[in-house]
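Enquirer:
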Amino acid sequence: MRQLLRRTVLATLCFACASLGANAAPAEQEKLAQSAILKVAVYNDLAPFSVNGGGIDIDLAHALAAKLGLKLTLLPFNAGDDLSEDLRNMVWKGHYLGYGPADVLLHVPVDRRLMAANDKVQIFAPYYNETVRLVRSVKTVPEFDGLDSLAGKKIGAEKTSIAAMVLLGAENGKFRDDVKIYPSAIDALEKLKTGELDAVLATRSEIESVFKGSPEFPLEEVAFPRLPRQGWVVGMAVKKDELELAKQLQAATNELFASGEMAKIFAKYGVQVVKP
1 MRQLLRRTVL ATLCFACASL GANAAPAEQE KLAQSAILKV AVYNDLAPFS
51 VNGGGIDIDL AHALAAKLGL KLTLLPFNAG DDLSEDLRNM VWKGHYLGYG
101 PADVLLHVPV DRRLMAANDK VQIFAPYYNE TVRLVRSVKT VPEFDGLDSL
151 AGKKIGAEKT SIAAMVLLGA ENGKFRDDVK IYPSAIDALE KLKTGELDAV
201 LATRSEIESV FKGSPEFPLE EVAFPRLPRQ GWVVGMAVKK DELELAKQLQ
251 AATNELFASG EMAKIFAKYG VQVVKP
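Going by my numbering, the sequence shown opens with residue 1, and the numbers climb by one from there.
1. Straight-line CA distance for E261 to N254?
2. Can you round the beta-carbon distance between E143 and S149 to whole angstroms, since I take them to be within the 8 Å contact cut?
3. Which residues in the same chain as A22 place their Cβ atom closer than 7 Å to its Cβ, once the five residues preceding and following it in sequence are excluded?
4. Determine the DSSP secondary structure at T140, reduced to helix, strand or coil.
5. With a Cβ-Cβ cutoff of 9 Å, do E206 and A223 count as a contact?
6. Can you give me the start and stop residues for the beta strand (DSSP E) that N129 sits inside?
7. What's the C-alpha gap between L219 and G98?
8. For my contact list, L38 and D103 are in at a C-beta cut-off of 8 Å; report their separation, rounded to the angstrom.
9. Would Y96 be called buried (16 or more neighbouring beta carbons within 10 Å of its own) or exposed?
10. For G146, is the beta carbon positioned less than 8 Å from some heavy atom of the ligand PLP?
11. Take I181 and list the residues in its own chain whose beta-carbon comes closer than 7 Å to its own, dropping the five residues that flank it on each side.
12. Determine the burial state of S259: buried for a count of at least 16 other Cβ atoms within 10 Å of its Cβ, exposed for fewer.
13. From the DSSP output, in three-state form, read off R133 for me.
14. Checking 9 Å against the spacing of the C-beta atoms, do G278 and D86 come in under that value?
15. Going straight from the alpha carbon of Q272 to that of V91, what length do you get?
16. Can you confirm whether the stretch 193-207 touches the stretch 126-141 when touching is taken to mean that 3 or more C-beta pairs between the two stretches lie within less than 8 Å?
17. Exposed or buried, P183, counting other C-beta atoms within 10 Å across all chains shown (16 or more means buried)?
18. How long is the line joining the alpha carbons of A151 and S50, rounded to whole angstroms?
19. Tell me which residues share the same chain as Y269 and place their Cβ nearer than 6 Å to its Cβ, disregarding the 5 neighbours each side in the sequence.
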């Protein structure tokens with residue numbers, strides 16, 4: 001999770017949707033019809049989207065396969081050194097060890113620069129807008145008026161994450177001694193729940209999945225120069241020439257939003273769906 005998050009937010013992200021061809025070549029239509037299986041690549045260690053065989057992206061993969069009338073095969077994998085490596089290994093080429101590629105990769109930043117750097121894929125169907133938020137305990141931080149409200153408080157963050165980086169560097173390292181580092185954001189959030197921490201900086205989805213809207217742990221927006229204020233949008237990626245598959249996945253995503261099923265998938269994990 002920390003590696004994927006750090007790689008994503010260090011770029012300037014923007015809402016963009018790849019245009020899909022109105023008609024697919026007959027060969028592409030025949031290939032999709034004969035497949036009977038939708039292979040979906042999902043990241044490991046990406047709570048609450050994909051962890052230990054469950055999560056939002058896992059449920060979304062099932063829902064997409066059902067919409068397309070196909071059986072689902074999941075291809076979970078560990079994030080590589082950069083997003084272009086993930087796209088190469090899981091979308092258009094496959095790993096040199098023989099794993100992949102999948103038909104579609106979920107949780108891909110919908111980013112113009114990423115698209116331009118990876119012309120063998122198309123990135124489309126944005127389904128969530130992620131942001132970084134601060135969550136605090138009202139017992140120990142009853143009022144919040146910016147980072148100064150956390151002076152002398154214990155603040156948790158995930159190791160090597162963008163949250164840890166911005167906290168440690170905030171105001172010339174003013175809060176460095178107050179930051180406690182944990183193996184994952186979920187670990188830090190659990191420590192906040194038990195009273196061992198006063199606040200945690202993490203993604204909104206991670207926070208909501210743990211506290212599920214509890215008024216005892218309110219979320220706060222904190223602006224950091226190195227973080228995109230509007231967050232970043234995630235969608236899907238397929239091979240560039242898989243026009244029919246992309247068209248059908250986009251239509252299925254639209255239907256999931258329109259029917260309310262997408263909101264139900266997110267709500268199952270305590271997360272509010274934020275449509276880009």
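Even glycine gets a Cβ: it sits at the ideal position worked out from N, Cα and C.
Expert: Looking at the atomic coordinates:
1. Distance between the alpha carbons of E261 and N254: 10 Å.
2. Rounded, the Cβ-Cβ distance is 6 Å, consistent with contact.
3. Reliability of the predicted coordinates at A22 is poor, the pLDDT of 38 falling under 50, and the value obtained from them is presented with this limitation in mind. Sequence-distant Cβ neighbours of A22 in its own chain, meaning closer than 7 Å and more than five residues away, do not exist here.
4. Secondary structure of T140 (DSSP, three-state): coil.
5. No, they are not a contact pair.
6. 121-130 is the span of the beta strand (DSSP E), which, as asked, contains N129.
7. One C-alpha to the other measures close to 43 Å.
8. Under the criterion of beta carbons closer than 8 Å, L38 and D103 qualify as touching, at roughly 6 Å.
9. In the assembly as shown, Y96 is an exposed residue. Its beta-carbon has fewer than 16 other beta-carbons within 10 Å.
10. With respect to small molecules bound, the structure shown includes none, and the ligand PLP cannot be examined in it.
11. Cβ neighbours of I181 beyond the five flanking positions: A157, K159, A164.
12. Flag for S259 reads exposed.
13. Here R133 sits in strand by DSSP.
14. Residue numbering for the chain in the displayed model covers 1 to 276; residue 278 lies beyond these limits and cannot be assessed.
15. If you take the alpha carbons of Q272 and V91, they lie about 28 Å apart.
16. The stretch 126-141 makes contact with the stretch 193-207; the number of CB pairs closer than 8 Å reaches 3 or more.
17. Classified as exposed, P183 has fewer than 16 neighbouring CB atoms from the shown chains inside 10 Å of its CB.
18. The C-alpha of S50 is placed about 34 Å away from the C-alpha of A151.
19. Once the five neighbours on either side are set aside, the close Cβ partners of Y269 are P48, I56, S209.
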